Each structure stands twice: as structure tokens, then as C-alpha cells.
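> Before I ask anything, let me first share the structure, which is written out below as C-alpha cells.
Residue numbers (my numbering): 1 to 157.
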């Protein structure tokens with residue numbers, strides 16, 4: 001898809017992702033997926049395209065599926081979240097945590113919170129929960145946060 005004015009390539013999926021963020025913001029930051037499907041249908045966005053873009057956004061922490069997913073009818077279909085919501089932090093803040101854990105592979109919770117607070121992060125608890133859910137970190141019963149293999153030093157963005 002070419003931008004008529006500049007001739008630059010525009011990713012159509014990114015355009016859909018921006019529209020999804022916009023509609024969810026307009027609805028208070030949280031939306032039933034069935035409502036999002038109705039919006040997409042009215043916007044001429046196919047259901048598989050919507051599901052694919054939403055799942056990619058969940059995987060990159062641009063969206064959350066706090067209530068999990070419906071059981072898939074077939075293995076070929078993209079997962080269908082019950083509800084989608086905007087995270088309380090930006091993907092850049094998650095990247096800061098990932099960079100921190102690449103450097104400090106094992107760190108106590110208090111130290112992690114102090115360091116990230118000094119780095120300007122606000123929703124550290126939410127960011128850490130997301131990192132754990134996405135498999136970038138694990139929390140031990142003794143309060144130590146460990147980076148997983150997903151964040152090995154040679155694993156760059």
C-alpha cells in the first residue's frame with residue numbers, strides 16, 4: 001500500500017492496529033471482542049485479519065486479553081480473546097524492563113523496583129506481570145526476578 005503523497009510503503013496491518021487502539025480508547029480502554037468484531041465488520045475488516053492483528057498486538061504487549069480466550073473450533077483459526085484492553089504502560093516501557101533483565105539476569109524485587117523507578121517507569125508491577133506472562137521473566141517464591149532464555153544476551157529485539 002503506497003502513501004499517495006510520499007510514495008512510502010504503509011503497512012496495512014499497522015493501519016488496522018492503530019484503528020483498533022483508537023476504538024478501544026474511545027470505549028474506555030476495554031472492549032468485548034464480539035463488539036470489536038462488529039466494529040471491524042462495519043469497517044470492512046475481515047474476521048481472520050482482525051484476529052491475526054489482535055493476536056499479534058497481544059503478543060507484542062500492545063493489547064491484553066485479561067479474561068483469556070474462547071476455545072477454538074479448529075486449530076487453524078487464530079485464538080479469539082474474550083475481552084481486549086489497552087495495557088497501562090507502553091511497549092517502550094516493556095522494552096526498558098527487557099533491556100534491564102538482559103543486563104541483570106537475576107535481581108531482587110526491591111532492587112528491580114528501585115532501579116526501574118529511577119529510570120522513569122511508573123507501572124512497574126503491571127510491566128513485570130506482562131513480562132512474566134509473555135515468558136521474558138520468572139518470579140521465584142523468594143522474590144527474585146530471573147530473565148528467561150527468551151532474553152538471553154544474544155537475543156536482540
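Virtual Cβ for every residue (Gly too), placed ideally from N, Cα, C.
Keep in mind it's a predicted model, so treat the numbers as computed, not measured.
Counting along the chain, where does the beta strand (DSSP E) carrying residue 106 start and finish?
That run of the beta strand (DSSP E) goes 106-108.
> Relative to the C-alpha of residue 36, which candidate in 9, 85, 115, 143 has its C-alpha closest?
The shortest Cα separation from residue 36 among 9, 85, 115, 143 belongs to 85.
> Among 149, 112, 139, 126, which has the Cα closest to the Cα of residue 64?
Minimum Cα distance to residue 64 is reached at 126.
> List the residues that DSSP assigns as beta-bridge partners of residue 62.
Paired residue(s): none; residue 62 is not in a bridge.
> Sorted by chain position, which residues of the same chain lie with C-beta nearer than 8 Å to residue 91's C-beta, five sequence neighbours on each side aside?
Answer for residue 91: 60, 61, 62, listed in chain order.
> Return the CA-CA distance between residue 68 and residue 51, expressed in angstroms with no decimal places.
Cα to Cα, the separation comes out at about 14 Å.
> In the DSSP assignment, what residue or residues form a beta bridge with residue 134?
Note: residue 134 sits in no beta bridge, so no partner.
> Identify every run of the beta strand (DSSP E) within the segment 4-85, keeping only runs that are complete inside it and at least 3 residues long; order them along the chain.
Those beta strand (DSSP E) runs which fall completely within the segment 4-85 and span 3+ residues are 30-32, 83-85.
> By the DSSP assignment, the beta strand (DSSP E) with residue 147 in it spans what residues?
First-last of the beta strand (DSSP E) with residue 147: 144-147.
> With a CB to CB cut of under 6 Å and the five nearest residues on each side skipped, what residues in its chain are close to residue 133?
Answer for residue 133: no residue qualifies.
> For residue 139 versus residue 102, is the C-beta spacing smaller than 8 Å?
No, they are not a contact pair.
> Taking C-beta to C-beta, are residue 94 and residue 116 nearer than 8 Å?
Going by C-beta atoms, residue 94 is not nearer than 8 Å to residue 116.
> Along the chain, where does the alpha helix (DSSP H) that runs through residue 92 open and close?
Taken as a continuous stretch (DSSP letters only), the alpha helix (DSSP H) holding residue 92 covers 91-103.
> Among residues of its own chain, excluding the 5 on either side of residue 53, which ones have a beta-carbon nearer than 6 Å to its beta-carbon?
Hits under 6 Å: 13, 16, 17.
> Pick from 48, 89, 87, 66: whose alpha carbon is nearest that of residue 76?
Minimum Cα distance to residue 76 is reached at 48.
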